[in-house]
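What follows is a short report on a single structure.
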Ligand code: SF4
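In our numbering, the protein residues as written are 1047 to 1397.
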């Protein structure tokens, strides 16, 4: 019988599966707080239980094969999975204004190998869809990065499901990973620090909202009319802007939070004030925050990076009308920050 990946299991599941399941709290503590990835070293756990764990579970199956560090401190990791497919995870460091304060970390996780959605501006989309990640393959990305960076267990980090794949297309596994991330005896990442970013699969947004997990949601909007959005994101044919907005309006958010809308600004397509006016109208009545992201040109892309002045003009216009809007700092530009690029370079042996 092949061994099971320990990162697939919630504390409650381990409790049920193990002979002395009441010790699952200690097991979680070892794995996620002490970063011990070896059952033998869990010395406050009885010998028999350690043996039971070693006989049935494994830490193996996923390893870091590439690491690329950006000048701004962001680090992109390439993980090899048990079937030799690869996925990327990015650690983003935000340096606070006060130089003495420690940096804030956000981990951008992948949820699928490849992606079905086929957004025209996306590097990952080029490789098509391969498979969903298992729960443990998602959880391990965070546990391993924390261990690799030697981050103190209590250090608060943020998670964004914004790496490779459409998280809502791997719904059950992503929800289980969110629950494991939130476990106070484990990684202890509060739901309010977790964000699911979606291309806008309306029924799944509603389903996620109904679970009321306390997490944030970010919608990749990118266009304000259906014609352009369908051109950029074919998913818009199935779930148009109206249906996405109607689903997101039902999503429960914490009173101090906002629904996030990502707007990728592409030269000559959606970088004009007219688009900004339509965006304002579209989000009227929603407690929203808009993140403007400058399209990052990559090889073979038909789109171009916009002029920063035009992006600033959109931001200033929206802010002047009371819609919170920021320009998302492009982190790790020098390490090809678009998801899927490290994987591609590795495949082509260019790094
Ligand atoms: S942008 Fe996201 S949803 Fe769209 S194809 Fe790329 S990975 Fe998939």
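Glycine included, each C-beta is placed from N, C-alpha and C at the ideal position.
Just so it is clear, the structure is predicted and the values come from calculations on it, not from any experiment.
Inclusion of residue 1099 and residue 1066 in the CB contact set at 7 Å is not warranted, their separation being larger than that value. For the pair residue 1137 and residue 1121, the CB atoms are nearer than the 7 Å cut-off. By DSSP's assignment, residue 1133 forms a beta bridge with 1125.
Inter-residue distance for residue 1295 and residue 1336 is about 15 Å (C-alpha atoms, whole angstroms).
Around the CB of residue 1369, 16 or more other CB atoms lie within 10 Å, so the residue is classed as buried.
Between the region 1203–1213 and the region 1157–1165 there are three or more C-beta pairs closer than 8 Å, enough to call the two in contact. Taken through DSSP and simplified to helix, strand or coil, residue 1175 comes out as strand.
Of the residues 1073, 1245 and 1128, the one whose Cα lies closest to the Cα of residue 1269 is 1245. With 16 or more other Cβ atoms from the protein chains shown falling within 10 Å of its own Cβ, residue 1352 counts as buried. One alpha carbon belongs to residue 1223, the other to residue 1354, and they sit about 37 Å apart.
In the three-state reduction of the DSSP assignment, residue 1304 falls in the coil class, being assigned neither a helical nor a strand state. In this structure, the CA atom of residue 1166 is about 23 Å from the CA atom of residue 1217.
In terms of side-chain proximity, the C-beta atom of residue 1168 is found nearer than 6 Å to a non-hydrogen atom of the ligand SF4. Annotation for residue 1123: 1110, 1113 and 1135 place their beta carbon closer than 6 Å to its own, counting only its chain and skipping 5 residues before and after. Distance from the Cα of residue 1287 is smallest, within the candidate group 1315, 1252 and 1248, for 1248. Within the same chain, 1199 come within 6 Å of residue 1079 by CB-CB distance, once the 5 residues on both sides are set aside. Annotation: the continuous alpha helix (DSSP H) that includes residue 1063 extends over 1057–1063. Buried is the label assigned to residue 1282, since at least 16 other Cβ atoms lie within 10 Å of its Cβ. Set against 6 Å, the gap from the CB of residue 1154 to the closest heavy atom of the ligand SF4 is not smaller. Taking non-hydrogen atoms of the ligand SF4 into account, the C-beta of residue 1245 is found less than 6 Å away from one of them.
Residue 1158: member of the beta strand (DSSP E) spanning 1158–1160, first to last residue. Residue burial is scored here from C-beta neighbours: residue 1273 has fewer than 16 other C-beta atoms within 10 angstroms and is therefore classed as exposed. Proximity of the beta carbon of residue 1212 to the ligand SF4 is indicated: a heavy atom of the ligand is located closer than 6 Å.
Bridge pairing for residue 1114: 1122 [DSSP]. Residue 1184 places its beta carbon 7 Å or farther from that of residue 1240.
A Cβ-Cβ distance of about 4 Å is found for the pair residue 1054 and residue 1182, placing them in contact under the 8 Å criterion. Residue 1339 is positioned such that its CB atom lies closer than 7 Å to that of residue 1310. Across the structure, residue 1126 and residue 1315 are spaced so that their CA atoms are roughly 37 Å apart. Of all alpha-carbon atoms in 1115, 1148 and 1106, the one lying nearest the alpha-carbon of residue 1130 is that of 1106. Scanning the region 1175–1222 from its first residue to its last, the whole alpha helix (DSSP H) runs of 4-plus residues come out as 1181–1194. DSSP, reduced to helix, strand and coil, places residue 1166 outside both helices and strands of the structure shown, so it counts as coil. A distance criterion of 6 Å places the beta-carbon of residue 1165 in contact range of the ligand SF4, judged by its closest non-hydrogen atom. Annotation for residue 1171 indicates a beta carbon within 6 Å of some heavy atom of the ligand SF4. For residue 1161, the CB falls within less than 6 Å of some heavy atom of the ligand SF4.
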